[in-house]
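*Asks:* I am attaching a structure below and will ask some questions about it afterwards.
Protein chains in written order, with the working numbering: chain C, 45 to 303; chain U, 391 to 1038.
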């Protein structure tokens, strides 16, 4: 297969970005999107070290930087906005689990970084998502010390609640929800964590404080408000439901009333 | 130098050793802990749990990871589960049985005392994780659910769907966040350790590259903990994450830490087969699938031919023409034999010409019987997300046709040599989790990596490191302006400058692929003296080619992934050579290490306890010098050493 790739290039956080277009051919349809980018990078490096190619007008911006790691859809590192959709055209996958068979041969594919004021660009397609760490540091945990726990089976949790909690805990922290939201809201990310812990008895003692602190931190870091467009749920690679935003809202209101 | 290998195993009965050691360890008072600094490198299960627990104790912790967040460490990708001797199933499990299974599974090449302690603390890990809010699978009564894994006959594996590693890591990461919020831990994401700093023979700090700005930064402490995982990516194609690397551990080796059993690499039997040469990463399918999936290849060569030509489908081959070779060869354990045994059996069938895909390098993992027996819904509950993942990657549905699988590099049992306290041969330097060598011998059992990472991080290291630190609280903070830091930073800078100055014609990945090919061919599932000698020679040549013809584009002072990869490959080239050297020295077959010279008439691995019942610990002697081998003899006082038998 062959493609024209229109890719966002930006030298660093301060530099002005722009699109560059590259042609790539000989791609197997079973190749993943990121394997295709690996091949493009090999090509760009070879062109960069070939003075003849550079003279002929080959781009010398060097290989394209993009975040990636596990390539199994679980680490949440990959973060590309492909043809106007977070993680590309296939549903419920991260970019690393997107395969070229989902594209038409000869297509032009546009690749951009997450675009959100909460996630400044570091280089090319790589963004800074430390804001997510900060939100979780505000309260996304249960305050238990190592060694303080009782026997695991002393805490009974219904099969149903364990499953619901797990549905929310499947969040990989990629940021697709923020990138997709027209308001740049992180409510699905925060909702997933608050809800996952609120559904378990261990999480109840701190539920109110957790909801308040995480929402306050999210606001402080410049993420927008939720206006219930449900775009986040549509684009979440793990299919996390906006029901968890509703549970976050309930926890948040309860916490406010108690205050 | 041999006296450096003092394992510090406490005297006394096996079951009392850990209690005895804990009671001997000196304590550090809370006001003195505040004066002490500890560096933890890596934020997987071991690193995150250690950093969080040390922070809780009151130490000042600095924690480093190469990714943009501690949550992305490769532990996140572990699927199937975590073992613990809880005996919640009333199937007669116990600490002793978990200990026994682990020693036997490791083919009698792990230390008894370490493994017993691992089994002993395993139950507390589950308690801790539940208290953190990890949504483990539950029965309808609200109690915890279990499943079985390879190499054992009880159900002791706890799980959270096929995402157990993710959930355990998010638990450890949450504890880490709690301590970061409390101010006891400071986190340095996107930082890569490039050297260890030693002052007066003790580990006192690291040189790290800020991966965003490219600056080299100095960090001092009273002790350093390495939790950077394994070196499976030496093979280029593996199930490890793309950025997983052996560099931090390797720099410790080059500064004097002994490296133990480097040749013990685990080849996991159930991975999605290689699909073409554009691939850079292999995907694991959880071992838990072997609970209900049956592994087979056709009995008849003509069926194999038709399959390869896509003239028939696997589901059309009648029952009597299928060879369920694991059930045939190992009736007692069947499809749940340990990973090394299952991998070799798959290779044996494929080498004999029964591989089922176009490359001839795949076998079937079939769920048709399980779907019939359990029904669609229950199979979906157990494996739904794995089936989905398989279908996304291969465009074939395991509900209709069996999965195709083939072995791939997955884990490294070898690593930095540590004593019972998890301290390396360098005082003040500790290694935990996959980065050390200690608990899995020649082969790791499924669902035991998560157990070891968390055992080390939550319950062992935070106690044992106190013994060392109790002597250090009067020492001032490490001065990062000292000559030792100066020299270390200069050496790293020279290495980076050298890489940029080569301006060669070969990309980093193209050279890494070639290293991978050498490793898989000669240091893979079957190894011979001749092949290993060839590997050593070819790796040396490749290393020369790398240092004279690699191309690293860009500059140091920017976000530069090619530079990151080049620095890691420089180390993989040396790790690969030491692996081959160790494999050549170990002229026996044991665990994941199979020497073709050492096998039974039936083709089973043949151990040589008389000559090789030791830990091979290698000491670095300099750039072009041969490393020196030190031997730590293994003594089995509580387990009767026997040939591993999974047949009856």
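Just so it is clear, CB atoms sit at the ideal spot from N, CA and C, and this is done for glycine as well.
Mind checking residue 77 of chain C: buried by the 16 CB within 10 Å criterion, or exposed?
*Replies:* Buried is the call here.
*Asks:* Quick check: is the beta carbon of residue 115 of chain C nearer than 8 Å to any beta carbon in chain U?
*Replies:* Interface residue, yes.
*Asks:* Check this for me: beta carbons of residue 220 of chain C and residue 288 of chain C, under 8 Å apart or not?
*Replies:* Result no, Cβ atoms of residue 220 of chain C and residue 288 of chain C do not sit closer than 8 Å.
*Asks:* For residue 621 of chain U, return the contacting residues in chain C, with the cut-off set at a CB-CB distance below 9 Å.
*Replies:* Those do not exist, as residue 621 of chain U stays about 16 Å from chain C at its closest Cβ, beyond 9 Å.
*Asks:* Taking just the CA atoms, how far does residue 252 of chain C sit from residue 301 of chain C?
*Replies:* Spanning the two alpha carbons is a distance of roughly 10 Å.
*Asks:* What residues of chain B sit near residue 47 of chain C, judged by a beta carbon separation below 8 Å?
*Replies:* Within the model displayed, chain B is absent; protein chains C and U are what it includes.
*Asks:* Considering only residues of the same chain and omitting the five flanking positions on each side of residue 956 of chain U, which have a CB-CB separation below 8 Å?
*Replies:* Closer than 8 Å at the Cβ level, and outside the excluded window around residue 956 of chain U, lie 889, 898, 940 and 942.
*Asks:* Is residue 785 of chain U buried or exposed, if buried means 16 or more other CB atoms sit within 10 Å of its CB?
*Replies:* By the 10 Å Cβ count, residue 785 of chain U comes out exposed.
*Asks:* I'd like to know whether the C-beta of residue 127 of chain C is nearer than 8 Å to at least one C-beta of chain U.
*Replies:* Cβ-Cβ to chain U under 8 Å: no for residue 127 of chain C.
*Asks:* Mark residue 401 of chain U as exposed unless 16 or more other C-beta atoms lie within 10 angstroms of its C-beta, in which case mark it buried.
*Replies:* Label assigned to residue 401 of chain U: exposed.
*Asks:* Run through chain U and tell me which residues come within less than 7 Å of residue 138 of chain C, C-beta to C-beta.
*Replies:* Within chain U, no residue comes near residue 138 of chain C; the closest Cβ sits about 10 Å away, beyond 7 Å.
*Asks:* Counting only Cβ-Cβ distances shorter than 8 Å, please list the residues of the region 216-234 of chain C near chain U, keeping chain order.
*Replies:* Residues 216 and 217.
*Asks:* When you compare the CB of residue 304 of chain C with every CB in chain U, is at least one pair closer than 8 Å?
*Replies:* Residue 304 of chain C falls outside the range modelled here, since chain C spans only 45 to 303, and no answer is possible.
*Asks:* For residue 262 of chain C, which residues in the same chain have their Cβ closer than 6 Å to its Cβ, ignoring the five residues on either side in sequence?
*Replies:* So the qualifying residues of the chain are 179, 230 and 234.
*Asks:* Round the Cβ separation of residue 802 of chain U and residue 604 of chain U to the nearest angstrom and send it over; I've been treating them as touching at under 8 Å.
*Replies:* Incorrect: roughly 29 Å between the Cβ atoms, too far for contact.
*Asks:* Closest by CA to residue 210 of chain C, which one among U:586, U:524 and U:585?
*Replies:* Nearest C-alpha to residue 210 of chain C: U:524.
*Asks:* What would DSSP say about residue 392 of chain U, mapped onto helix, strand or coil?
*Replies:* In this predicted model, residue 392 of chain U has a pLDDT of only 49, less than 50, meaning its place in the structure is not dependable enough to derive any value.
*Asks:* Just the chain U side, please: which residues come within less than 8 Å of residue 167 of chain C by C-beta, in chain order?
*Replies:* Per Cβ cutoff of 8 Å: 948 and 949.
*Asks:* Using a Cβ-Cβ cutoff of less than 6 Å, which residues in the same chain neighbour residue 871 of chain U once the five nearest sequence positions on both sides are dropped?
*Replies:* Contacts found: none.
*Asks:* For residue 534 of chain U, go through chain C and note every residue whose CB falls closer than 8 Å to its CB, in chain order.
*Replies:* 196 and 197, listed in chain order.
*Asks:* Helix, strand or coil for residue 218 of chain C, going by three-state DSSP, please let me know.
*Replies:* Reduced to three states, the DSSP call for residue 218 of chain C is coil.
*Asks:* If you count every other CB in all the chains shown that lies within 10 Å of the CB of residue 766 of chain U, and 16 or more means buried, which is it?
*Replies:* So residue 766 of chain U ends up on the exposed side.
*Asks:* I'd like to know if the region 166-176 of chain C and the region 558-571 of chain U are in contact, where contact means that at least 3 CB-CB pairs between them fall below 8 Å.
*Replies:* The region 166-176 of chain C is not in contact with the region 558-571 of chain U.
*Asks:* Out of C:281, C:295, C:62 and C:70, state which residue places its alpha-carbon closest to the alpha-carbon of residue 168 of chain C.
*Replies:* When each option's Cα is compared against that of residue 168 of chain C, the closest is C:62.
*Asks:* Below 7 Å CB to CB, which residues in the same chain sit around residue 224 of chain C once its five sequence neighbours on both sides are set aside?
*Replies:* Within the same chain, residue 224 of chain C has close Cβ partners 130, 275, 276 and 279.
*Asks:* Which parts of the region 156-187 of chain C are runs of the alpha helix (DSSP H), unbroken and 4 residues or longer, counting only runs that do not cross its ends?
*Replies:* List check, alpha helix (DSSP H) in window: 174-181.
*Asks:* If we define contact as Cβ-Cβ less than 8 Å, is residue 464 of chain U a contact residue for chain C?
*Replies:* Chain C, which has a Cβ nearer than 8 Å to the Cβ of residue 464 of chain U, makes this yes.
*Asks:* Going by other Cβ atoms of all chains shown within 10 Å of its Cβ, with 16 needed for buried, is residue 413 of chain U buried or exposed?
*Replies:* Residue 413 of chain U is exposed by the Cβ-count criterion.
*Asks:* Answer yes or no: does any C-beta atom of chain C fall closer than 8 Å to that of residue 530 of chain U?
*Replies:* Taking Cβ atoms only, chain C reaches closer than 8 Å to residue 530 of chain U, which makes this a yes.
*Asks:* Tell me, please, whether the CB atom of residue 591 of chain U is closer than 8 Å to any CB atom in chain C?
*Replies:* False, the Cβ-Cβ gap to chain C never drops below 8 Å.
*Asks:* Does the Cβ of residue 467 of chain U have 16 or more other Cβ atoms within 10 Å, making it buried, or fewer, making it exposed?
*Replies:* By the neighbour-count rule (16 or more Cβ atoms within 10 Å), residue 467 of chain U is buried.
*Asks:* Determine whether the Cβ of residue 408 of chain U lies closer than 8 Å to any Cβ atom of chain C.
*Replies:* No, residue 408 of chain U lies away from the interface with chain C (no Cβ there is under 8 Å from its Cβ).
*Asks:* Suppose you measure from the CA of residue 996 of chain U to the CA of residue 432 of chain U; what does that come to, to the nearest Å?
*Replies:* Residue 996 of chain U and residue 432 of chain U: Cα-Cα distance of roughly 37 Å.
*Asks:* Just mark residue 284 of chain C as buried or exposed, buried being the case when its beta carbon has 16 or more other beta carbons within 10 Å.
*Replies:* Buried.
*Asks:* Where does residue 759 of chain U land, buried or exposed, given buried means 16+ other C-beta within 10 angstroms?
*Replies:* Answer is exposed; the Cβ neighbour count stays below 16.
*Asks:* For a cutoff of 8 Å on Cβ pairs, would you count residue 459 of chain U as touching chain C?
*Replies:* Yes, residue 459 of chain U counts as interfacial toward chain C.
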